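Chemist: Heads up, the first sequence is in the numbering used here, so the first residue is 481 and it goes up one at a time.
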Amino acid sequence: MPQNKGPFYMTTAITYTSGKPHIGNTYEIVLADSIARYKRQEGYDVYFQTGTDEHGQKVELKAEEVGVTPQEFVDEVSTEVKRIWDLMNTSYDKFIRTTDNDHKKQVQKIFKKLYDKGDIYKGEYQGMYCTPCEAFFTPSQLVDGKCPDCGRECQPAKEEAYFFKMSKYADRLIKHIETHPEFIQPESRKNEMMNNFLKVGLQDLCVSRTSFKWGVPVDFDDKHVVYVWIDALTNYITGLGYDADGNNDEKFNKYWPADLHLIGKDILRFHTIYWPILLMALDIELPKQIFGHPWLLQGDGKMSKSKGNVIYADDLVKLFGVDAVRYFVLHEMPFEYDGVISWELLVERINSELANTLGNLVNRTIAMSNKYFDGVVNKTGADTTGSDANLDFDAQLKTLVTSVKQKVQENMKTLHVSYAIYNIFLLFKRCNKYIDETMPWVLAKDESQQERLQEVLYNLVESITIGANLLAPFMPETTDRILAQLYPDNPASGVRDFDDLGTFGLRESGIKVTKSPEILFARLELEDVLKQVEELQKAQEETEDVYPEVEKKSEITIDDFDKVQIQVGEVLKCEPVKKSKKLLVSQIRVGKEIRQIVSGIANYYKPEEMVGKKVAVITNLKPCKLCGVESQGMILAAGDDKGNLSVMTVDKDIVSGSEIC
RNA sequence: GGCGAGAUAGCUCAGCUGGCUAGAGCACACGGUUCAUACCCGUGUUGUCGUGGGUUCAAGUCCCUCUCUCGCUACCA
481 MPQNKGPFYM TTAITYTSGK PHIGNTYEIV LADSIARYKR QEGYDVYFQT GTDEHGQKVE
541 LKAEEVGVTP QEFVDEVSTE VKRIWDLMNT SYDKFIRTTD NDHKKQVQKI FKKLYDKGDI
601 YKGEYQGMYC TPCEAFFTPS QLVDGKCPDC GRECQPAKEE AYFFKMSKYA DRLIKHIETH
661 PEFIQPESRK NEMMNNFLKV GLQDLCVSRT SFKWGVPVDF DDKHVVYVWI DALTNYITGL
721 GYDADGNNDE KFNKYWPADL HLIGKDILRF HTIYWPILLM ALDIELPKQI FGHPWLLQGD
781 GKMSKSKGNV IYADDLVKLF GVDAVRYFVL HEMPFEYDGV ISWELLVERI NSELANTLGN
841 LVNRTIAMSN KYFDGVVNKT GADTTGSDAN LDFDAQLKTL VTSVKQKVQE NMKTLHVSYA
901 IYNIFLLFKR CNKYIDETMP WVLAKDESQQ ERLQEVLYNL VESITIGANL LAPFMPETTD
961 RILAQLYPDN PASGVRDFDD LGTFGLRESG IKVTKSPEIL FARLELEDVL KQVEELQKAQ
1021 EETEDVYPEV EKKSEITIDD FDKVQIQVGE VLKCEPVKKS KKLLVSQIRV GKEIRQIVSG
1081 IANYYKPEEM VGKKVAVITN LKPCKLCGVE SQGMILAAGD DKGNLSVMTV DKDIVSGSEI
1141 C
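1. So the beta strand (DSSP E) G947 belongs to, where does it begin and stop?
2. Are V510 and L799 touching if we call contact CB-CB under 8 Å?
3. Quick one: what does DSSP say M760 is sitting in, helix, strand or coil?
4. Using three-state DSSP, classify Q769 as helix, strand or coil.
5. Could you check whether Y605 and E639 sit closer than 8 Å to each other, using their CB atoms as the reference points?
6. Are the beta-carbon atoms belonging to T882 and T983 less than 8 Å from one another?
7. Within 10 Å of its beta-carbon, does M919 have 16 or more other beta-carbons around it, so buried, or fewer, so exposed?
8. The beta strand (DSSP E) spanning M673 covers which residue range?
9. Can you have a look at K1102 and say buried or exposed, based on whether 16 or more other CB atoms are within 10 angstroms of its CB?
10. Going along the chain, which residues of its own chain have a beta-carbon closer than 7 Å to the beta-carbon of T958, five neighbours each way excluded?
11. Residues in its own chain within less than 8 Å of I944 by CB, not counting five upstream and five downstream?
12. Would you identify the three-state DSSP class for D582, choosing helix, strand or coil?
13. Identify every residue that forms a DSSP beta bridge with V1048.
14. Considering only C-alpha positions, which residue in the set Q521, M760 and D1131 is nearest to K655?
15. Inspect the beta-carbon positions of W755 and Y489 and report whether they are closer than 8 Å.
16. Return the CA-CA distance between R520 and H751, expressed in angstroms with no decimal places.
17. If you run the structure through DSSP and keep just helix, strand and coil, what is F663?
18. For D525, which beta-bridge partners are listed by DSSP?
19. With DSSP as the reference, label L777 as helix, strand or coil.
20. If you check the beta carbons only, do H583 and T718 fall under 8 Å apart?
21. Pull up the distance between the alpha-carbon of I1140 and that of D1039, whole angstroms please.
22. Between the C-alpha atoms of K734 and P767, what's the straight-line distance to the nearest angstrom?
23. Using a threshold of 8 Å, state whether the C-beta atoms of L895 and I515 are closer than that.
24. Taking just the CA atoms, how far does R689 sit from W775?
25. Under the three-state reduction of DSSP, which class applies to P1056: helix, strand or coil?
26. On the DSSP letters alone, give me the boundaries of the alpha helix (DSSP H) that I904 sits inside.
27. For a quick check, are the C-beta atoms of I1068 and G1092 less than 8 Å apart?
28. Does DSSP put S571 in a helix, a strand or coil?
29. Within the continuous alpha helix (DSSP H) that includes K449, where are the two ends?
30. I think I991 touches V857, with their Cβ atoms under 8 Å apart; what is that distance to the nearest whole Å?
31. Does P550 come out as helix, strand or coil in the three-state DSSP assignment?
32. In the DSSP assignment, the beta strand (DSSP E) including K1146 goes from what residue to what residue?
33. Which first and last residues belong to the beta strand (DSSP E) in which M608 is found?
34. May I ask you to report which of helix, strand or coil DSSP gives M783?
35. Checking 8 Å against the spacing of the C-beta atoms, do M955 and A793 come in under that value?
36. For the pair the stretch 655-664 and the stretch 489-504, tell me if three or more CB-CB distances fall below 8 Å.
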């Protein structure tokens, strides 16, 4: 067993439960999992926490839309998140929910503690308020000075709120960041935080809200709920059993301070400024490192949100398998800048690295062992005896294979996960080259070379064993599958201690490999994949986005409705409006009169299609000019999110001019 | 607007404190091989190192100008 290197506490951000997580969110948990597994392999006592952030206005609204309680809503989403995390084969030790009772209790205690201490005080939140939306916005959120949701004017307004005295601890934090260069990673992020916030002076942070109810109530002032900062960030300590009164759980004493908070680059500010200051106020040690990872973007336009084809982990796993997806996101994601995911890239990576380099290597090695020695792998010591050092293939192979462990260690120390994987694959590539150098099929033809041939195959199986063990944190299932084939009678015997991965030759002679090698990763045809993707997306559209999102208007009375006059009109004539691409102008008989009405339907109806239709017309709308053509009313039509449009016609034949009500 | 980062082969990038003919992977071409998932191995092509100027015996590598791209710019969980 590797020696115990001590506790290692790491966390991911907790996922917000306003909707289903897509591959971008999934990236983080896979990255975190590979680090956790790696640290365990190295001998650390790892505690790996993830979870869901479940309060707030957005959840409240979403739940209302769907017609369930917020609790019911988050229960479902949280379960879904957990399901996906499990699907990705992630090895978290704790899944915390901010709706957990013990968490909520501590949030209240922490809030009170900070209030009693004087670090939280009651004040007024000032912002731009949109009355119909009942929401506050900051000036920077406004679009052209108007509400980003509904586009209406906003008014400056005030709301009672509790504030946290950020500035009090700013100097201490600046000093900490300056003396701990590893605290914020990547380093360029550190500069952003310093330059944009710390150096220009911190504003106090609003930590409570009265505008929504779905949150942890402030126990001494129940108009307020605790706002996201204190509610969500504290999960990192409450999950370990922190107690504001000092009765901490053993786990907290053992694992805090956290060794690593892994988060997306978008929430670095909260974790590198608010969170440390919160901890300072609570007199708790700061975490050792915060890593803001970049994003996996959908690059080539073939997977854009506007097209409704967002990638979900489920689909990827269905198409490629868990480890292929893990490999892709880990390998493609650089350390500092955003990575790109596309179907083309996925297929390319899977084919060239997983199927060709790794899968084929394992397959050909096993096939030869069976073909030449009935599956038995023996170490004979018959190495290359040539005097030319350049021809000493065995030594070269062994040197490379045994050097990878250290490279992986170096890469992982700085969280350069993609480099670590790259280095492991160099090992497999070297093995393929070794086969070409030693040419086992030539040795097989020569009776006197039997021992040499055995040694060659032994070296391959041993090398692959080491590579498979190094791969375990990143592609655990693949490691198991390889070892199951190389050690079919006792796969566990193929598992090595991390400390032994720099040593060559630990496999005992006489062990057989499997008789029936299984393809690890099948080669894919891009065309087939794209076809399957299309089918999946069709299915997705049918189940998910069938109903358009319609913004709710405020309630009206029957009298309000009565103000609108709607009548049946028969389209007599219809032609395009010359200056416009979208407009058609119709002559419509409404009872005795004939009206000219302009409508934005040219993309959906040809003028001749309109003629003869009996449509619903608003007849008391104030006339106006569209593209220079007067319109005396409006044809009613239904439109969805996807650009479909249908004019409202009457079901039975009814005389034009009849009133609709 | 402010602060910061970057611009190197068709694509993704490496090139530390300036030093001899600018690199890797993928892609492409050719050759080899047949144990293997038409796979693997080898060789090779392509670059005015964003623009213009400067420092130097010597500059992707340092300084200045300009152009372009990207990140951050405080209460969205």
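Every residue, glycine too, gets a C-beta built ideally from N, C-alpha and C. Please read all numbers here as calculations on a predicted model, not as lab measurements.
Modeler: This is what the structure gives:
1. Careful: G947 lies outside any beta strand (DSSP E), inside the alpha helix (DSSP H) at Q930 to L951.
2. no
3. helix
4. Secondary structure of Q769 (DSSP, three-state): coil.
5. yes
6. yes
7. exposed
8. Where M673 is concerned, there is no enclosing beta strand (DSSP E), although the alpha helix (DSSP H) it sits in stretches over E667 to M673.
9. exposed
10. Around T958: D803, L951 and L1000.
11. L841, V842, T845, F908, C911, I962 and L966
12. helix
13. A1096
14. M760
15. no
16. 25 Å
17. coil
18. Answer is P487.
19. Three-state DSSP puts L777 in a strand.
20. yes
21. Distance between the alpha carbons of I1140 and D1039: 15 Å.
22. In a straight line, the C-alpha of K734 is about 14 Å away from that of P767.
23. yes
24. Going from the Cα of W775 to the Cα of R689 covers about 31 Å.
25. strand
26. V897 to T918
27. At a Cβ-Cβ threshold of 8 Å, I1068 and G1092 do not count as neighbours.
28. coil
29. What is shown of the chain runs 481 to 1141, which leaves residue 449 out entirely.
30. Indeed, because the Cβ distance is near 6 Å, the residues count as touching under 8 Å.
31. helix
32. Since the first residue of the chain shown is 481 and the last is 1141, residue 1146 is not available in this structure.
33. I600 to C610
34. Because M783 sits at a pLDDT of 45, beneath the cut-off of 50, its placement in the model cannot be relied upon, and the following sentence gives the value as read from the coordinates. Of the three classes helix, strand and coil, the one that applies to M783 here is coil, per DSSP.
35. no
36. Segment contact: the stretch 655-664 against the stretch 489-504, fewer than three CB-CB distances shorter than 8 Å; contact not assigned.
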